[in-house]
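Novice: Quick note, the sequences are listed as chains A and B, same order. Counted the way full-length UniProt numbering counts, the first sequence spans residues 1 to 89. Counted the way full-length UniProt numbering counts, the second sequence spans residues 1 to 74. Here a beta-carbon is modelled for each residue, glycine too, at the ideal position from N, C-alpha and C. Because the structure is a prediction, the values reported are computed rather than measured. I have a structure I would like to understand better, so I am pasting it below and will then ask my questions one at a time.
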Amino acid sequence: MTQQKPLPDSYYQLMEQIQAVDFVLVELTLYLDTHPHDLEAIKQFNQAAYESRQLKNQFEEQFGPLMQYGQSYSSYPWNWKEAPWPWQV
Amino acid sequence: MTFTLTKCYSPFVSKFDPCKPVLTKCYSTPPNLYIEFQPNNTEQFPTAKEALYAGTLWPCLYDPYYSKRGESSG
Chain A
1 MTQQKPLPDS
11 YYQLMEQIQA
21 VDFVLVELTL
31 YLDTHPHDLE
41 AIKQFNQAAY
51 ESRQLKNQFE
61 EQFGPLMQYG
71 QSYSSYPWNW
81 KEAPWPWQV
Chain B
1 MTFTLTKCYS
11 PFVSKFDPCK
21 PVLTKCYSTP
31 PNLYIEFQPN
41 NTEQFPTAKE
51 ALYAGTLWPC
61 LYDPYYSKRG
71 ESSG
């Protein structure tokens with residue numbers, strides 16, 4: 001079995017930040033379904049969406065694509081098959 | 001918070017019950033039962049991480065949902 005290179009701590013910290021921001025987005029989405037006129041929540045939602053995109057770009061520059069089918073850019077060579085996939089971590 | 005997160009009752013125990021009687025049974029009553037319609041701009045957790053760890057964005061909806069395995073309801 002090929003020796004598995006340990007992932008740097010920054011991988012986990014960045015992943016947790018992404019997870020936290022995405023959780024806020026989920027909560028706000030559900031909230032906005034029943035509160036369509038809440039302007040503050042919409043501003044917060046757009047802010048969080050922007051932040052989530054930023055974090056993901058930052059993550060992908062260092063650790064490769066998070067998503068597939070064009071959701072993320074690919075580096076050279078094509079490394080989607082290399083472990084770990086985000087959900088394996 | 002003027003409500004409790006769990007409610008308990010004691011089922012009737014008959015002398016013909018074949019098994020050991022269950023004296024108290026409890027069920028969860030989460031905060032959303034007591035908030036009819038969530039008002040705008042309700043207070044939120046200061047950071048996304050805290051919200052993630054608590055499982056909700058709003059402290060008023062937080063329910064720790066303690067597992068019953070801790071206390072024996074025999």
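Determine the extent of the beta strand (DSSP E) in which Y27 (chain B) is found, giving its start and end residues.
Specialist: Within the second sequence, the letter at position 27 stands for residue 27 (chain B). Unbroken beta strand (DSSP E) run through Y27 (chain B): 25-28.
Novice: Please confirm if E27 (chain A) has its CB atom under 8 Å from at least one CB of chain B.
Specialist: Translated into the one-based positions of the first sequence, residue 27 (chain A) becomes position 27. Yes, contact with chain B.
Novice: According to DSSP, which residues form a beta bridge with Y9 (chain B)?
Specialist: If you number the second sequence from 1, residue 9 (chain B) lands on position 9. The partner list for Y9 (chain B) (beta bridge, DSSP) reads B:K25.
Novice: Note down, in chain order, each residue of its chain lying with its Cβ closer than 6 Å to the Cβ of Q58 (chain A), except the 5 sequence neighbours on either side.
Specialist: Numbered from 1 along the first sequence, position 58 holds the residue referred to as residue 58 (chain A). Closer than 6 Å at Cβ, skipping near neighbours: no residue.
Novice: Does A83 (chain A) pass the burial test, meaning 16 or more other C-beta atoms within 10 Å, or should it be called exposed?
Specialist: Indexing the first sequence from 1 puts residue 83 (chain A) at position 83. Under this definition A83 (chain A) is an exposed residue.
Novice: Taking 8 Å as the CB-CB limit, is A48 (chain B) close to chain D?
Specialist: As a matter of chain content, chain D is missing from the structure shown, whose protein chains are A and B.
Novice: Does the distance from the C-beta atom of L28 (chain A) to that of Q44 (chain A) stay below 8 Å?
Specialist: For the purposes of this step, residue 28 (chain A) is taken as the residue at position 28 of the first sequence. For the purposes of this step, residue 44 (chain A) is taken as the residue at position 44 of the first sequence. For L28 (chain A) and Q44 (chain A), yes; Cβs fall inside 8 Å.
Novice: Leaving out five residues before and five after S10 (chain B) in sequence, what residues of the same chain have Cβ atoms less than 7 Å from its Cβ?
Specialist: As a position in the second sequence, residue 10 (chain B) is number 10, starting the count at 1. Within the same chain, S10 (chain B) has close Cβ partners L23, T24.
Novice: Pick out whichever of B:L33, B:Y27, B:F12 has its Cα sitting closest to the Cα of K20 (chain B).
Specialist: Mapped onto the second sequence, residue 20 (chain B) falls at position 20. Comparing Cα positions, the closest option is B:F12.
Novice: For chain B, is any of its Cβ atoms less than 8 Å away from the one on Q58 (chain A)?
Specialist: Taking the first sequence and counting its residues from 1, the one referred to as residue 58 (chain A) is at position 58. No, its Cβ sits nowhere closer than 8 Å to a Cβ of chain B.
Novice: Can you list, in chain order, the residues of its chain with a C-beta nearer than 8 Å to that of Q4 (chain A)? Leave out the 5 residues immediately preceding and following it.
Specialist: Locating residue 4 (chain A) in the first sequence gives position 4, counting from the first residue. Closer than 8 Å at Cβ, skipping near neighbours: A83.
Novice: Provide the residue span of the alpha helix (DSSP H) that contains L30 (chain A), from first to last.
Specialist: Reading the first sequence from its first residue, position 30 is the one you call residue 30 (chain A). Unbroken alpha helix (DSSP H) run through L30 (chain A): 9-34.
Novice: What do you reckon, are the CB atoms on E60 (chain A) and S52 (chain A) nearer than 8 Å?
Specialist: As a position in the first sequence, residue 60 (chain A) is number 60, starting the count at 1. As a position in the first sequence, residue 52 (chain A) is number 52, starting the count at 1. In this structure, S52 (chain A) does not lie closer than 8 Å to E60 (chain A) by Cβ.
Novice: Would you say L52 (chain B) reaches chain A, if we count a Cβ-Cβ gap shorter than 8 Å as a contact?
Specialist: As a working note, residue 52 (chain B) is residue 52 in the second sequence. Closer than 8 Å to some Cβ of chain A, the Cβ of L52 (chain B) qualifies, so yes.
Novice: Three-state secondary structure (DSSP) at P86 (chain A)?
Specialist: To locate residue 86 (chain A), count along the first sequence from 1; it is residue 86. Reduced to three states, the DSSP call for P86 (chain A) is helix.
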